Amino acid sequence: MISTLPFLLQERYGNQVACSKKFVIGKFMNFKMVDTKSVLKQVEEIQVIAHDLEVEVGSWLEIASPDDPAVIEVGQFAVDQHNKDTNSTLKFQSVVKGDTQIVGGMNWRLTIEVKDDKSIKNCEAYVYEQPWQKVRKLISFKTI
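Read in order, the letters of the sequence shown correspond to residues 1 to 144 in full-length UniProt numbering.
Structural data, given as structure tokens:
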């Protein structure tokens, strides 16, 4: 889809607008998550680029640093909320991997290592967040 973006913009907006967006298309196509910046900062950057393109992003972006403090915070939230909702006693260990999706906020899809009384296991958590509204909700949590 990314390689056809210039054509989609031209079809949608016509030659003049599509040409004026060429530099933004380049920024979008070359965007990569990096370890040197926080995940939230990078998500903000891609949201600005997506807004400039006036297209829906909606695709999942791999988290480059699962050990980023912001990612760990969301993972810890997911475990704490699951424990609260189900009266469980899982203990957060780490975020193994994850992805984010920009929507009307941000979806987090995390693989989290947890420990219970008997063993260590991996769980998959989906969290929805709108930081500017101070909204964070656990959507689902399951053992994988």
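The C-beta atom is built at its ideal place from N, Cα and C for all residues, glycine as well. Owing to the predicted nature of the structure, the values given are computational and were not obtained by experimental measurement.
- Within the model, the alpha-carbon separation for Lys115 versus Phe31 is close to 36 Å.
- For Asp68, the three-state secondary structure derived from DSSP is coil.
- Pairing Gly104 with Phe92 gives a Cβ-Cβ distance that is not under 8 Å.
- If you check the CB distance, Glu113 and Ser94 come in under 8 Å.
- The three-state secondary structure of Ile49, taken from DSSP, is helix.
- Under DSSP, Phe92 takes part in a beta bridge, and its partners are Val114.
- The segment 119–139 makes contact with the segment 75–86, as at least three CB pairs between them are under 8 Å.
- As far as DSSP is concerned, Trp132 takes part in no beta bridge.
- By alpha-carbon distance to Leu138, the top candidate from Leu90, Lys118, Asp99 and Lys84 is Lys84.
- In its chain, beyond the 5 residues on either side, Val79, His82, Asn83, Val114, Lys115, Asp116 and Cys123 have a beta carbon closer than 8 Å to the beta carbon of Leu90.
- Secondary structure at Asn87: coil, using DSSP grouped into helix, strand and coil.
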